[in-house]
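**Student:** Please read through the structure below; I'll follow up with questions.
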Amino acid sequence: MMRRIELAVDARAALYLVGGLVKWFSIAFVVPFAYAVFTREPWWPYVLPGALALLGGWVIERAARTERDIGPREGFFVVALAWFTVAALGAMPFVLMGVLRPIDAYFEAMSGFTTTGATVIAHVEGLPRALLLWRAFTQWLGGMGIIVLAVALLPKLGVGGSQLMDAEAPGPTLERLTPRIRETARLLWGIYVGLTALDVLLLVFLGRMSWFDAVAHAFTTLSTGGFSTQDSGFTVFSGAAQWITVLFMAMGGLNFALIYRVVARWQWRSLLTDTEARFYGALLLGATLALWMSIDGGGEGLRHSAFQAVSIMTTTGYASTDFDQWNPAAKIVLLVLMFLGGCAGSTAGSIKVIRTWLVFRFIVRETRNVIHPQAVLPIRVSGRVVSESIVRAVAIFAILYVTIFAFGSVLLLWDSMRAGLKVGIVEAASAVAATLGNVGPGFGIVGPMSTYAELPGTSKILLVFLMWAGRLELFPVIVLFTRSYWKG
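Below you can see the structure in the form of structure tokens.
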């Protein structure tokens, strides 16, 4: 007699929410569809996935309808499944237009929604403009988070919204701006939309970009995504456009709760009193100076140094020059920046500045404890004591991140060699660091003026997994692969 297996996860409640998310995601295809109609380009590649999302989401939602609320377990499941599903739907226009094969299209879409910016398209300037707009729009949607947008718009996510946002939120903690999670989500998206609009206007009137280029790059700047409408990225745009983009990339790497306090409440001192913001600014300034001295450039060198330091550390991945041609010292600085990332609560990826700060303070404290075993030395952030559980979780995250990076680098190197591709350890490591940290370009074969197209299909699948795991910040992904998660 077969024993019935009781799952600890309420799959019905989770699928009900996934169905609703997918159904409402269909609205996203209106943007490229409308632009395609306006420019008289093929519009049906956006209608088909939009219709599939609408119909498929409706069917799943109806079949799994339930009134039960979700908990943390279901939150992890919904977020993980929603990102995979949305990427699959987002890949369809690339396939239907005949631009990419399914595996490459899925790579491109996952890179978009996770704001990684790694691409397999060698000649983006040859793509239809509506498809370029869709490509940029995927990063804008993924930047603040698909789940955060859903919580802001969908009433039925009001109760379980906190579970979903906690599972998707970038950083150790999600700072609520209001007592209600839905209002917090709306405020975050309001700030995001406002800054995007401001970026567009500045790029057009000061940076001398076309309206199309300005909109597309504003989408991929605030989201710290990095997709460009140009094959050579920002090398073709004016110095003014590059400095404007440096400013908005830096804002994209800041905690949006901090931006809210500064912009909406005029608490400008928060920029100076917030530990993470101060450390973030110091790291950006130090990295800029280190790059500038290593490349030995004048005024133009300073601009490129600032641009690349901010671009890589915020995990945007734009290139104002071919930094793959820089000397080894400069490349080491860039590789370190790939691991740092932006602030918690930002659109940036990687380890995050606050985690780096906590690990540093933890090492300092443990060193002091060796000298003074009886001393009680709490770790403080912005004047507040950080609990030992958070410090322990951050240390575990850092160890897990480095371990996955190491294993991923070895796997990518082995798979590339198996496929007969000449990839060195530095190139493999940079590709893994760039995808796990949602940065985008690496060095060599995956450098800023190259693409990921040459990598074998199995390597692309590995990197897709790393992009997804990096965007969800590892723990939700690791939890899904544990027996206790499913069986309690």
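In the numbering used here, the protein residues as written are 39 to 526.
From the three backbone atoms N, C-alpha and C, an ideal C-beta is built for every residue, glycine too.
#1: Distance, Cα to Cα, residue 77 vs residue 129?
#2: Select from 411, 426, 412 the residue whose C-alpha is nearest the C-alpha of residue 418.
#3: Run through DSSP, which three-state label would residue 162 get?
#4: Could you tell me which of 176, 135, 136, 72 sits nearest to residue 121, measuring between CA atoms?
#5: Do you know offhand how far residue 198's Cα is from residue 243's?
#6: Is it a yes or a no for the region 454-473 touching the region 327-335, going by three-plus beta-carbon pairs under 8 Å?
#7: By the 10 Å Cβ neighbour count, where 16 or more other Cβ atoms means buried, how is residue 525 classified, buried or exposed?
#8: Return the chain-ordered list of same chain residues with a C-beta closer than 7 Å to the C-beta of residue 280, the five sequence neighbours on each side being excluded.
#9: Report yes if the C-beta distance between residue 305 and residue 163 is below 8 Å; otherwise report no.
#10: Look at the alpha carbon of residue 169 and the alpha carbon of residue 89, and state the distance between them as a whole number of angstroms.
#11: Within 10 angstroms of its Cβ, does residue 393 collect 16 or more other Cβ (buried), or is it exposed?
#12: Which term fits residue 520, buried or exposed, when burial requires 16 or more other beta carbons within 10 angstroms of its beta carbon?
#13: Rounding to the nearest angstrom, what Cα-Cα distance links residue 472 and residue 486 in this structure?
#14: Residue 258 and residue 380: beta carbons closer than 8 Å?
#15: Taking the C-alpha atoms as reference points, what is the distance between residue 329 and residue 365?
#16: Check whether the Cβ atoms of residue 117 and residue 63 lie closer than 8 Å to each other.
#17: Determine the contact status of residue 439 and residue 156, defining contact as a CB-CB distance below 8 Å.
#18: Can you tell me whether residue 56 is buried or exposed, with buried defined as 16 or more other CB within 10 angstroms of its CB?
#19: Could you tell me how far apart the beta carbons of residue 377 and residue 389 are, in whole angstroms, since I believe they sit closer than 8 Å?
#20: For residue 68, count the other beta carbons within 10 Å of its own beta carbon; 16 or more makes it buried, fewer makes it exposed. Which is it?
#21: If we call anything under 8 Å between Cβ atoms a contact, is residue 145 one with residue 133?
#22: Candidates 47, 104, 60, 135: which alpha carbon is nearest residue 74's?
#23: Quick one: what does DSSP say residue 139 is sitting in, helix, strand or coil?
#24: Are residue 468 and residue 480 close, meaning C-beta to C-beta below 8 Å?
#25: Count the C-beta pairs between the region 445-458 and the region 310-320 that are closer than 8 Å, then say yes if the count reaches three, no if not.
**Tutor:** In brief:
#1: Looking at the two C-alpha atoms, the distance is approximately 21 Å.
#2: Among 411, 426, 412, the Cα nearest to that of residue 418 is on 426.
#3: The three-state reading of DSSP puts residue 162 in helix, counting H, G and I together.
#4: Looking at the Cα atoms, 176 is the closest of the given residues.
#5: Because the pLDDT of residue 198 is 48, which lies under 50, any placement of that residue in the model is unreliable, and the number read from its coordinates should be weighed accordingly. About 43 Å.
#6: Result no; under three Cβ-Cβ pairs closer than 8 Å.
#7: That one is exposed.
#8: Within the same chain, residue 280 has close Cβ partners 272, 341, 345, 358.
#9: Inclusion of residue 305 and residue 163 in the CB contact set at 8 Å is not warranted, their separation being larger than that value.
#10: Distance from the CA atom of residue 169 to the CA atom of residue 89, rounded to whole angstroms, is 17 Å.
#11: Residue 393 is buried by the Cβ-count criterion.
#12: Counting every other CB atom within 10 Å of its CB across the protein chains shown gives residue 520 a total below 16, marking it as exposed.
#13: About 11 Å.
#14: Contact check for residue 258 against residue 380 fails: the beta carbons are separated by 8 Å or more.
#15: Residue 329 and residue 365 have their alpha carbons spaced roughly 10 Å apart.
#16: No; because the gap between Cβ atoms is not below 8 Å, this pair is not in contact.
#17: No; because the gap between Cβ atoms is not below 8 Å, this pair is not in contact.
#18: Buried, since its Cβ has 16 or more Cβ neighbours within 10 Å.
#19: 6 Å between Cβ atoms; contact.
#20: By the Cβ-count criterion, residue 68 is exposed, with fewer than 16 other Cβ atoms from all chains shown falling within 10 Å of its own Cβ.
#21: No. Outside cutoff.
#22: Residue 74 has its Cα closest to that of 135, out of 47, 104, 60, 135.
#23: In the three-state reduction of the DSSP assignment, residue 139 falls in the coil class, being assigned neither a helical nor a strand state.
#24: The answer is yes: Cβ separation under 8 Å.
#25: By the Cβ rule, the region 445-458 does not count as touching the region 310-320, because fewer than three pairs are nearer than 8 Å.
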